[in-house]
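Let me begin by presenting the structure, written as structure tokens, before commenting on it.
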Amino acid sequence: MLIRVTSSSVLHSISHGLCPYFDPNRVINTFGHICPHPTHTKRAAKKLSGSTEPVRLVLQRSFQQIMPGQKIETGHTDTIHDVSMDYYGKRVASASSDATIRIAGVTAGSNSHPLAILTGHNGPVWQVAWAHPKFGSVLASCSYDGSVIVWREGNLNEWTQAYTFTDHKSSVNSIAWAPHELGLCLACGSSDGSITVQTARSDGGWDTSRIDRAHPTGVTSVTWAPSMAPGALIGSGVFDPIQKLASGGYDNLVKVWKLTDGLWKMDCFPALEMHSDLVRDVAWAPNLGLPKSTIASCSQDGTVVVWTVGKEGDQWKGVVLNDFKAPVWRVSWSLTGNLLGVAAGDNNVTLWKEAVDGEWQQVTTVE
């Protein structure tokens with residue numbers, strides 16, 4: 001199986017069938033839990049990969065010029081669900097159903113090399129996420145076993161579990177680090193319907209805040225808003241960083257949350273509803289202080305919706321970017337927020353850009 005990553009845009013995509021989310025009306029995979037796609041069964045997964053050989057990653061270096069992919073033999077023995085490149089694009093971490101996280105070094109024009117294998121979860125690992133390097137070499141992972149682990153590198157390639165959070169009652173499907181201006185802060189979305197936010201203290205401990213029943217039927221994805229408020233660049237004065245989250249769920253909804261007086265409260269009324277099936281991913285675009293906020297969401301129904309809002313208190317408006325006629329697994333913005341990558345069930349990654357008339361146009365396809 002192949003996974004393609006564009007490190008220049010922090011875009012990562014998951015190939016067909018590699019989604020961690022479950023639906024009671026769909027098949028059960030080899031780990032005994034509900035899975036949304038038949039490729040998660042052992043037979044179908046073997047059919048998809050063609051063999052039981054180690055899964056490979058493909059790194060794609062540029063949006064503008066599609067270059068030959070660099071293949072990485074990860075050593076994973078089961079399906080890869082997520083990959084994440086570090087801030088400098090030198091290392092890639094991968095999460096797999098074999099319950100491990102593997103880290104490989106990536107150097108342009110040369111072979112990749114394995115660096116570390118992290119073990120600590122007791123089930124499939126759904127996602128991995130690197131923290132900003134101002135906090136050191138820190139990686140987070142979440143698993144079907146309901147745990148979230150924060151890993152810290154001490155000596156070169158020697159990793160330890162700095163923190164383990166096990167309060168969720170079901171699979172933790174998604175994790176996301178907050179903008180570094182907010183500190184070392186991790187959001188976690190779970191099948192138990194809740195979102196938790198873990199914040200590191202200066203004494204080495206962690207504080208937890210919770211959004212109960214964020215999506216009562218289960219949370220599939222979480223994403224942070226930029227810390228700079230919309231319009232900050234064209235305003236005057238000093239702006240305090242904002243703390244907002246967006247989430248997607250099995251209820252087909254996208255919701256926005258804001259931390260106010262120490263409590264997380266819903267910040268969009270009503271919830272954002274344009275999908276007809278579960279929301280697989282949400283991604284908040286960098287705004288660089290421009291006067292609008294933008295969120296992309298994708299769904300099992302095959303659509304991608306781009307949501308925008310102007311000033312605080314206005315209603316979010318959604319536009320269907322495209323109907324891909326197949327489940328859409330992931331959406332990811334470029335660092336400048338003007339390119340959107342979409343990974344769909346047709347095994348393609350497409351790149352989209354908003355034209356001056358507001359219409360979204362496909363720029364290219366990574367096949």
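When we follow the UniProt record's numbering, the leftmost residue of the sequence shown carries the number 1, and every step to the right adds one. For every residue, glycine included, the Cβ atom is placed at its ideal position computed from N, Cα and C. Quick caveat, the model's predicted, so the values are computed rather than measured.
Where residue i falls, given that 16 or more other Cβ within 10 Å makes a residue buried
i	result
L335	exposed
S202	exposed
H215	buried
Q161	exposed
D240	exposed
A225	buried
H113	exposed
Y144	buried
L263	exposed
N287	buried
D98	buried
Q70	buried
G249	buried
G343	Inspection of the sequence shows that residue 343 is occupied by Ala rather than by Gly. Classification of A343: buried, given that the 10 Å Cβ count is 16 or more.
L156	exposed
Coil, strand or helix - residue i by DSSP
i	result
K317	strand
F135	helix
H81	strand
K169	coil
M266	strand
N347	coil
R201	coil
S96	strand
A214	coil
A229	coil
L278	coil
Q243	coil
D251	coil
When the options are compared against residue i, the one with the closest alpha-carbon
i	options	result
A93	V304, K244 and S84	S84
V148	W264, N122, V304 and I72	N122
F269	P241, V309 and A178	V309
A296	G302, N287, A283 and T303	A283
K90	P124, I242 and I103	I103
E312	V331, W352, V304 and D267	D267
K353	V363, D346 and Q127	V363
H81	T100, Q70 and I72	T100
S190	G204, V219 and S209	V219
D314	R330, A326 and S293	S293
R330	C188, D281 and V306	D281
N111	H132, T199, I72 and T119	I72
V172	I195, G318 and V306	I195
V197	V150, D78, G345 and E158	V150
Contact belief for residue i with residue j at Cβ below 8 Å, rounded distance in angstroms
i	j	result
Q300	L278	5 Å
W126	Y163	With 8 Å as the limit, W126 and Y163 do not qualify as a contact, their Cβ atoms being about 18 Å apart.
G183	H168	So it is not a contact: roughly 22 Å between Cβ atoms.
Y88	H132	Rounded, the Cβ-Cβ distance is 11 Å, inconsistent with contact.
residue 381	L253	Residue numbering for the chain in the displayed model covers 1 to 367; residue 381 lies beyond these limits and cannot be assessed.
S227	P179	4 Å
Any non-hydrogen atom of the ligand PLP within 7 Å of residue i CB
i	result
T294	What this structure holds is no ligand at all, so the ligand PLP is not there to describe.
Report the residue ranges of all beta strand (DSSP E) runs contained in full by the segment 283-343; include only those spanning at least 3 residues, in chain order.
-> 293-299, 303-309, 317-323 and 328-333
At what residue ranges does the segment 173-197 contain a whole run of the alpha helix (DSSP H), taking only runs of 4 or more?
-> none
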